[in-house]
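This report refers to the structure that appears directly beneath it.
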Amino acid sequence: MPDHLKSPDPKRFEVSRATLWFDRFMGGAIRFGGISVIIAVFGIFYFIGKEVVPLFKDAAVEKSGSVATSTQPAVLGVDEWGEMPFFYAGGEQVVFADLATGAKVEKALPGLAGLKVSALAYDAVHGRVALGLEDGRVGSFLVSYQRTFTPDGKSQVVPSLTEEPWFTLTHGAGPVTAVNYGDSGAGRVIVAKRGAGDGSSVSILRLGMKRSLVGKGKLSLLEEVDVSTQLAAEAVIVRASPNGAMVLVGCENGEVDYFIADSNGISKRQGFKPFDGVAPRQMDFLFGGVSLIMTAADGQQEQWSLFRNDEAGERLFGQTKAFSNLGEGPVIFTASQRNRTFLTGAGRDLSLRHSTSGSTRWEGTLDIDPAIAVLDAKGEHFIVAAADGEARRYEIHDPHPDAGLRAFFGKVWYEGGSKPIFQWQSTGGTDDFEPKLSLTPLIFGSLKGTAYALLFSVPIALLAAIFSAAFLPLEIKRVVKPVMEIMSSLPSVVLGFLAGLWLAPILEMRVPSVIAMIVLIPTSALLVGYSWCRLPITIRNRFENGREWLVVLPFLMLAGWIGWQLGPLLEQWFFVYTEPASGRRIADFRLWWPQVTGTSFEQRNSMVLGFMMGFAVIPVIFTIAEDAISNVPKSLTAAASALGANRWQVVWTVMLPVASAGIFSALMIGFGRAVGETMIMVMATGNTPVTEWNVFNGMRTLSANIAVELPEAPVGSTHYRTLFLGAVVLFAMTFVMNTLAEILRHRLRERNKIV
Amino acid sequence: MMTSHPLSRPDFIQVDHFSFHYGEKQAIFDIDMNIPEHQVTALIGPSGCGKSTLLRNLNRMNDLIDGVRHEGDIRIGGISLYDPSVEVISLRKRVGMVFQKYNPFAKSIYENVIFSLRVAGRSKKSELDATVEWALKSAALWDEVKDRLHDSAFGLSGGQQQRLCIARAIANQPEILLMDEPCAALDPLATLKIEELILELKHQFTIVIVTHNMEQATRCSDRTAFLYMGKLVEFGHTMQIFENPKHAETEGYISGRFS
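Chains as they are written, first to last, in numbering that gives the first Met the number 0: chain A, 0 to 754; chain B, 0 to 258.
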């Protein structure tokens, strides 16, 4: 025995310090890594949640000042900052009250000295107070505000008044009892009612600027038309649209008559009856000037908008929405000048409503009885005044009035549309454009893109995986697998570029060829396979197992070539477009398809997308499915072979059931790749948010939508947050799908598990 | 023990100067032997001696491995396995096989037994039922499983699963039954049952069995072939091989001096 073993080292059972420390260090490092990942995931959820949750919050309203005047306000207006409301009761004085200091400034209207105002109306869009006098004259003055800075740097709102010319009504008799003023800049319209009861009359005045060489030009009367005879009954409410092109008169019998006032003159266009014949008590235009909000005496509130019922028809008013009942009491109404929000109510109960989504943004009860209310131009404040001149200012915090579950997922009746629709159109050219934020077309687009991608890639990938795992000789398999794996690492931007700029223009010209190839290639494979089986065994035995593809390949290539060449002939035979005008016949699939199906044909379409997505999805499905099939124990396949099963029977009866769970995983990972794929979708689909399954047009997917629009969305805006909501929806879709798939996969594995 | 079937052909399986290569490696060197019909022939020898390779060549299972080649010939009933007119699938229907590790499919007992009929496209219910009963009775499993034929095969014990695999192999009524160490994964009691079964089955089938167990070879085989390093060292009646071996290697192996 060697010496060192005779007296053993007593420390030989101890573990070295370095080993212990290393073990502890590695344990800690791994724990740190794991916890960091969990924190990061929750951090992402927190961030996305923070962006999305405000979309679903109601408006917040709080009181932010009050002032008392002695004026009984017939007109209440405010500057765009909500700082200095004015009160006007119809005399020579307009009272301005500074909410910050409580100071009141009176400004005089010298032109009104000695005149008796019998009718008033305020147009907040132009800041114009329309006036009707007892002597039958109509006129107006403008209230404007300017922000100036005092020498010590404080800002100050300075109001000013501008009187406008008077016009004498020639029709009718008695005092003006109702007046309204519309202004498009170039042309203006005044509608006025004289007298009351049976003797009352309604006149529409069209005004125009007479250009002169010097100065601004003079406002003059172009025509005055008495429309009393065209009314259904005595007028109750008269309204001119803010753009001066329309006049609406609400009558006592509940009919509303719609007149159009343009350079062709004044003519009645339509009479319609909201509330089944109950006279409207309130009728006002919303921002944009094509929708009316009306309220009946019993508190019913409806929205009527101008739209075309059919392609060729005129734009007429039709009911688009009904809001919840306001209840009894004098109706308060003021519309925002920034969006489709309006403040309305009866008595002390007010609510802030959004017309597009039909939702109530806020509801509350005031501590005074409001007689009149006004929203400031920015929609950040509203001011209410009681009959005794007491006024309150309320601050509104409602950054996302367009949002809501209904707006995102439901059908919405947008202004100007003939029916409720799902639409995504987040930005527009004009200020009064309304964002259309339905995610439904995008969800549809994601599903459509995924469906077409999988339709093309799943059969190819699965058949290829089976072929490679169960039929191909090892040395060929050794080449095929890495090649497929390299294919999956192709950057999707390259694939998208190829799809959009190379493949799409080729396929556009060759749709009939593609159809022919899709039919011919699989058919020829089946035919060759069948013929091969009919050959005598002595010939078949000359080919080693797994080498038969050498026989099939030339036929497949031939079938592909024939299909490609056959395309133009097919086009001449079957896809002939007839020009409707001349009757000329043109063999062009691109024209034929829209004529026959009524759907569009786009160059960047689902077919192109399917082919290119195949390059992204096939390698993923192939690799995983191939592994799953290859990993089926040899003992089972050998048993089946020994029992006289042919190769296909071994695959079908033994390999596929055992590998089914793995194949299913492969499909799910392929699905995930297809749903989340962005660059190919952006570049190859045209990005139109359509909702039809037509294979020859594109789609806009949730992921592509985020990629395209996020750089343009202002941080914190409704649009920006909606894009994040799109991300949440995308996540929810994949999460639900993956969970279902995991359950199914688990069942498959349990059923086919090998002990 | 040395009973022979009245109609048996002494040279039913002819292994004719057969050599076999896995790629570069030669596994069998010029083996020449005749296996008689309706007898149990045991192949013994140390690990890696080529006995399993020889067995798996009798139904050309080795064809499933890439890069193999052979020289010489094997004939069953006078017909070469490598004749260009031979369909491998019908060959495997003639020559059934039982593997070392029991390997039932993830199907019911019933479906396992009739697998070979299913792949042959036979689906007549009465025929399948009769086959299941006959095969399970022949494999001495019928009484144990007749009430749960449609339960999963994985519910059976190891020995039962192996007998199920034997039932599955004989369901198509092959002429030859190859058994590759059928009892290697079983306990002694299950082994005993399988051995009894082998003695029963040899009246109907020609059985070639690979085994590491000397007692098993003596208990149930009529003839024994001793292979060593890919070569056939000695082949004869089992009694003769075990009691009076002619070669020193054979004696060394059966007396346990090397394995």
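Beta carbons are placed, not taken as given, at the ideal position from N, Cα and C, and that holds for glycine. Only a predicted model underlies this, so the values are computations on that prediction, with no experimental measurement involved.
Asked	Found
Endpoints, alpha helix (DSSP H) assigned at residue 622 of chain A	605 to 629
Beta carbon proximity, residue 118 of chain B to chain A, threshold 8 Å	yes
Residue environment, residue 218 of chain A, which counts as buried when at least 16 other CB atoms sit within 10 Å	exposed
Coarse secondary structure for residue 101 of chain A, derived from DSSP in three states	coil
Residue 250 of chain A - partner residues in DSSP beta bridges	A:234
CB contact below 8 Å: residue 178 of chain B versus chain A	no
Chain A within 8 Å of residue 60 of chain B, Cβ atoms only	yes
Partners in chain B for residue 481 of chain A, counting only beta-carbon separations shorter than 7 Å	Ordered by position in chain B, no residue passes the 7 Å Cβ test against residue 481 of chain A, which lies about 18 Å from the chain.
Element boundaries [beta strand (DSSP E), containing residue 314 of chain A]	314 to 322
Given residue 567 of chain A as reference, the closest of A:349, A:619, A:527 and A:506 once Cα atoms are compared	A:506
Own chain, CB closer than 7 Å to residue 644 of chain A, minus 5 neighbours either side, in chain order	652
Proximal residues of chain A, C-beta to C-beta of residue 98 of chain B below 9 Å	634, 637, 638 and 641
Residue 225 of chain B, DSSP secondary structure in three states	strand
Nonlocal neighbours in the same chain, by C-beta distance under 7 Å from residue 646 of chain A, ignoring five residues either side	469 and 470
Spatial distance of residue 115 of chain A from residue 247 of chain A (CA atoms)	26 Å
Residue 514 of chain A Cβ short of 7 Å to the ligand GDP heavy atom set	This structure lacks the ligand GDP, and indeed carries no ligand of any kind.
Whether residue 10 of chain B touches residue 71 of chain B by CB criterion (8 Å)	no
Residue 657 of chain A, buried or exposed, once every other Cβ within 10 Å from all chains shown has been counted against 16	buried
Short Cβ contact (8 Å threshold) for residue 729 of chain A with residue 701 of chain A	yes
Cβ-Cβ distance between residue 58 of chain A and residue 380 of chain A below 8 Å	no
Residue 585 of chain A classed as buried or exposed, judged by whether at least 16 other C-beta atoms fall within 10 angstroms	exposed
Nearest-angstrom Cα separation, counted from residue 314 of chain A out to residue 131 of chain A	31 Å
Proximal residues to residue 244 of chain A (C-beta, below 7 Å), its chain only, five neighbours per side dropped	183, 259, 260 and 261
Any 3 or more C-beta pairs closer than 8 Å across the segment 459 to 467 of chain A and the segment 583 to 598 of chain A	no
Buried/exposed call for residue 530 of chain A, threshold 16 Cβ in 10 Å	exposed
Length at least 3, wholly inside the segment 56 to 103 of chain A: the beta strand (DSSP E) runs in chain order	59 to 67, 74 to 76, 85 to 87 and 92 to 96
Chain B contact for residue 686 of chain A (CB, 8 Å cutoff)	no
Spatial distance of residue 732 of chain A from residue 406 of chain A (CA atoms)	19 Å
Residues that residue 231 of chain B bridges to, as DSSP identifies them	B:226
Near-chain A residues of the segment 105 to 133 of chain B (beta-carbon distance less than 7 Å), N- to C-terminal order	105, 114, 115, 118 and 119
Interface flag, residue 158 of chain B vs chain A, CB-CB below 8 Å	no
Paired residues, beta bridge with residue 392 of chain A - DSSP	A:382
Supposed close pair residue 92 of chain B, residue 181 of chain B - CB separation, criterion 8 Å	At roughly 20 Å, the Cβ-Cβ gap does not stay under 8 Å, so residue 92 of chain B and residue 181 of chain B are not in contact.
CA-to-CA distance, residue 720 of chain A to residue 423 of chain A, given in whole angstroms	14 Å
Proximity below 8 Å, CB of residue 234 of chain B to CB of residue 224 of chain B	yes
Contacts around residue 709 of chain A, its chain only, beta-carbon distance under 6 Å, and the 5 residues preceding and following it disregarded	722
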